[in-house]
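Numbering (the UniProt record's numbering), first residue to last: 1 to 760.
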């Protein structure tokens, strides 16, 4: 397989690099040499690595690196890759990639040793003794947690990522070595099965590609994207590769003409510059075709151009020169120099109409900007310096890494931590301003409430209102570039579970969930106890578990007490049915509390489950769905929402039907309790003739029917002389609502009356 490099000079023949077909897998060879696969040529050479390192490491540092190589070589002796190579070739290749970034000796040593703890059971204290604590900590951060038992592959993967990202927050070199490791594995994925290739490629695309982008490692970012694309969609990759290769020859004349024109114009203007042609990656072309529903022939800007000048001021002079040479396309100019991207990227972007009417993108930057654009945080190293000496890019990266630690403090669950981090790894950003003109960068789609939490967790928790561009708007309003955002707070305000339905950033989600877990702990414990009791009853078990089973359950679930376990169930973090089945599995070799019924297939026959009783006064652990606003007397069903407890829906609600089809396991039967002493909101709409006094008559009748209006809205159909009156009224139950609706229908002028039941 051959890959078109993400960045190549188009004025010469493209430099396609053949990618060896080597596997990321590792196996210890117990076979005879004759039965092993034939080695693949191009195995990484320690001599080549040493030559690279000698360019910038001192002789004493080089000596330590060689010692780490010898230790790793001995540890992996006899271990082979599936392609037949000695396994040591992989750590050498990873170290070579790190050497290209000119990482320090400690990082190179960690690259050579990164698998010895995971594969060869080398202890951390042994590494500390041989190579020092910093190297041992790096290797530990890179090692997986395969010795710990997890309930699922997803949980294990999430915990591995959590450990890696937290180690990265303490030392960014951890993720740099990990990205080098993943890059070499992706380059050598050929010997794996198709299923494994897709799994590893998807994991790379979902986690490692966004991290590389977030850290500004654009070369790695683009190559990982293309490699993942080639394994996820091999046929599309091949087809698109052939199309690009064919188009390359057809468009060579256009590219040469643009290069000549730009070089001549810049030289005449007296601007020292290097001009490069840049071919878009196959994945970039594929994404544009898919998102804009284009054929390949309709993607005109397959090529772009990069102009590297000698000074900041000449970036803007070169921009004006290019705009005089070719006409700019309206709305296609972006100044990432004045407002850099989150990952530190700086350039001027402009799209011009080139020869033959072809749109051409130009990126204009200085040499320093170019180095940061390609290598991101790997472009500068200041591990031993204090924070005050960090440049802007490093300060932004440091702030993001610190936010990982903040999220970790509020989320003990690995899957939840990874979910929050993935949200913050979206590459697109929106830039808004505080009232004092400070720029805040947030993920695309972030809301005004996300902005509040980005300032400080306490401000987010106490938010009651927000103004955007001096106008008050809802908290869920999405932010746009250039918005000026002002947050209004109140010390008595507290987060609402409904906020989780629209906040976007990981920091906001983790802070809200943390608050709901701690403030509403008693309610969550009681609800969790009810749900687990119900699930155990369905399996013919009681909640009075033997002490040995209880202790084992707490150990395996990492809960400190049964109350912690109940709280997790009550807020939806754990499913009661799954916990109950786990308990049943543990009791297989013990005497069960009740003898379960067994069918002819040997499966446990579940008893009919009694529904959970709802009174509507349970607090925020039980919420009534705003889409259908159920009231006592309605047939109801409940959804377990993660960290939000139960959400009660009307059984006839279209929204509930749609959600049940997607996650049927998160729904349970519920019923209303007796003697409920409170009132419930209910939505109704009246169609009335557009005549004088109709609203007053309706409002008076609602009051006389012992109901209360909490909200009213109106829509007018002038063509048919009809008014739509939308009310939210408070009623005791379904009987009370029926009496109210009967009285409203009797009002002269009211032609129709409907109750809101949650339409999709």
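Quick reminder that beta carbons are idealized off the backbone N, C-alpha and C, glycines included.
Residue 493 burial status per 10 Å Cβ neighbour count (16 or more: buried): Classification for residue 493: exposed.
CA-to-CA distance, residue 748 to residue 740, given in whole angstroms: Linking residue 740 to residue 748 through their CA atoms gives a straight-line distance of about 15 Å.
Quick one: grab the DSSP three-state call for residue 499. Residue state, collapsed to three classes: helix.
By how many angstroms is the C-alpha of residue 351 removed from the C-alpha of residue 362? Residue 362 and residue 351: Cα-Cα distance of roughly 6 Å.
Could you pull the start and end residues of the beta strand (DSSP E) that residue 486 belongs to? Its beta strand (DSSP E) spans residues 485-489.
What residue from 437, 203, 656 and 305 has the CA that sits closest to residue 347's CA? Of all alpha-carbon atoms in 437, 203, 656 and 305, the one lying nearest the alpha-carbon of residue 347 is that of 305.
Going by the CB atoms, is the gap between residue 255 and residue 221 shorter than 7 Å? Not closer than 7 Å, so no.
Considering only DSSP beta bridges, list what residue 465 is partnered with. Looking at the DSSP assignment, residue 465 forms a beta bridge with 488.
Alpha carbon of residue 307 to alpha carbon of residue 374, nearest angstrom: Their Cα atoms are separated by approximately 14 Å.
Quick one: give me the first and last residue of the beta strand (DSSP E) that residue 612 is part of. Going by DSSP, residue 612 is part of the beta strand (DSSP E) stretching over 612-614.
Cα-Cα separation, residue 263 to residue 329: Roughly 21 Å separates the two Cα atoms.
Below 8 Å CB to CB, which residues in the same chain sit around residue 745 once its five sequence neighbours on both sides are set aside? The residues 753, in chain order, have a CB closer than 8 Å to that of residue 745 in the same chain once the five nearest residues on each side in sequence are set aside.
In terms of alpha-carbon separation, which member of 208, 567, 198 and 172 lies closest to residue 182? Ranked by Cα distance from residue 182, the options 208, 567, 198 and 172 are led by 208.
Residue 99 versus residue 292 - alpha carbon distance: Spanning the two alpha carbons is a distance of roughly 39 Å.
Over the uninterrupted alpha helix (DSSP H) stretch that includes residue 453, give me the two end residues. First-last of the alpha helix (DSSP H) with residue 453: 448-455.
Under 7 Å between C-beta atoms of residue 318 and residue 271: Yes.
Distance between beta carbons of residue 699 and residue 709, contact taken as under 8 Å: About 6 Å separates the Cβ atoms of residue 709 and residue 699, confirming a contact at the 8 Å cut-off.
State buried or exposed for residue 35, treating a residue as buried only when at least 16 other CB atoms are found within 10 Å of its CB. Unreliable positioning characterises residue 35 in this predicted model, as indicated by a pLDDT of 36, which lies under 50. The coordinate reading is nonetheless provided below. Around the beta carbon of residue 35, fewer than 16 other beta carbons sit within 10 angstroms, so the residue counts as exposed.
Inter-residue CB distance, residue 673 and residue 637 (contact presumed, cutoff 8 Å): Actually they do not touch by this definition, with Cβ atoms about 16 Å apart.
Beta-ladder partner(s) of residue 667, from DSSP: Per DSSP, the beta-bridge partners of residue 667 are 639.
Do the stretch 685-705 and the stretch 664-672 touch if we need at least three Cβ pairs shorter than 8 Å? No, because fewer than three Cβ pairs between the stretch 685-705 and the stretch 664-672 fall closer than 8 Å, the two stretches do not touch.
Nearest residue (CA-CA) to residue 108, options 333, 53 and 90: Checking every option, the nearest Cα to that of residue 108 belongs to 53.
Going along the chain, which residues of its own chain have a beta-carbon closer than 7 Å to the beta-carbon of residue 611, five neighbours each way excluded? Excluding sequence neighbours, residue 611 sits near 669, 670 and 671.
Please report the distance separating the alpha-carbon of residue 624 from that of residue 648. Distance from the CA of residue 624 to the CA of residue 648, rounded to the nearest whole angstrom, comes to 5 Å.
Would the beta-carbon of residue 315 be found less than 6 Å away from any heavy atom of the ligand MN? Ligands are entirely absent from the displayed structure, and the ligand MN is therefore not among its contents.
Can you give the beta carbon distance from residue 466 to residue 448, rounded, assuming they're within the 8 Å contact cut? Indeed they touch by this definition, with Cβ atoms about 4 Å apart.
Examine the Cβ distances between the stretch 498-507 and the stretch 435-453 and report whether three or more of them are shorter than 8 Å. Touching, yes, given that three or more Cβ pairs across the two stretches are closer than 8 Å.
Would residue 230 be called buried (16 or more neighbouring beta carbons within 10 Å of its own) or exposed? Buried, by the Cβ-count rule.
Going by Cα to Cα distance, which pick from 93, 88 and 71 is closest to residue 131? That would be 71, whose Cα lies nearest to the Cα of residue 131.
Do you know how far the Cα of residue 134 is from the Cα of residue 128? Each residue's Cα considered, the two are about 8 Å apart.
How would you write the range of the beta strand (DSSP E) that residue 361 sits in, first residue to last? 359-366 is the span of the beta strand (DSSP E), which, as asked, contains residue 361.
Just tell me which of 355, 365 and 435 has its CA closest to the CA of residue 257. The residue from 355, 365 and 435 with its alpha-carbon nearest to that of residue 257 is 355.
Backbone CA spacing between residue 93 and residue 253 [nearest angstrom]: Each residue's Cα considered, the two are about 39 Å apart.
Inter-stretch contact (C-beta, 8 Å, three-pair minimum) for the stretch 707-727 and the stretch 647-662: The stretch 707-727 and the stretch 647-662 do not touch, with fewer than 3 CB-CB distances between them shorter than 8 Å.
Would residue 569 pass as an interface residue toward chain C - the criterion being a Cβ-Cβ separation below 7 Å? Among the protein chains of the structure shown there is no chain C, as only one such chain exists.
Where residue 22 falls, given that 16 or more other Cβ within 10 Å makes a residue buried: Low confidence applies to residue 22: its pLDDT is 35, below 50, so where it sits in the model is not reliable enough to give any reading.
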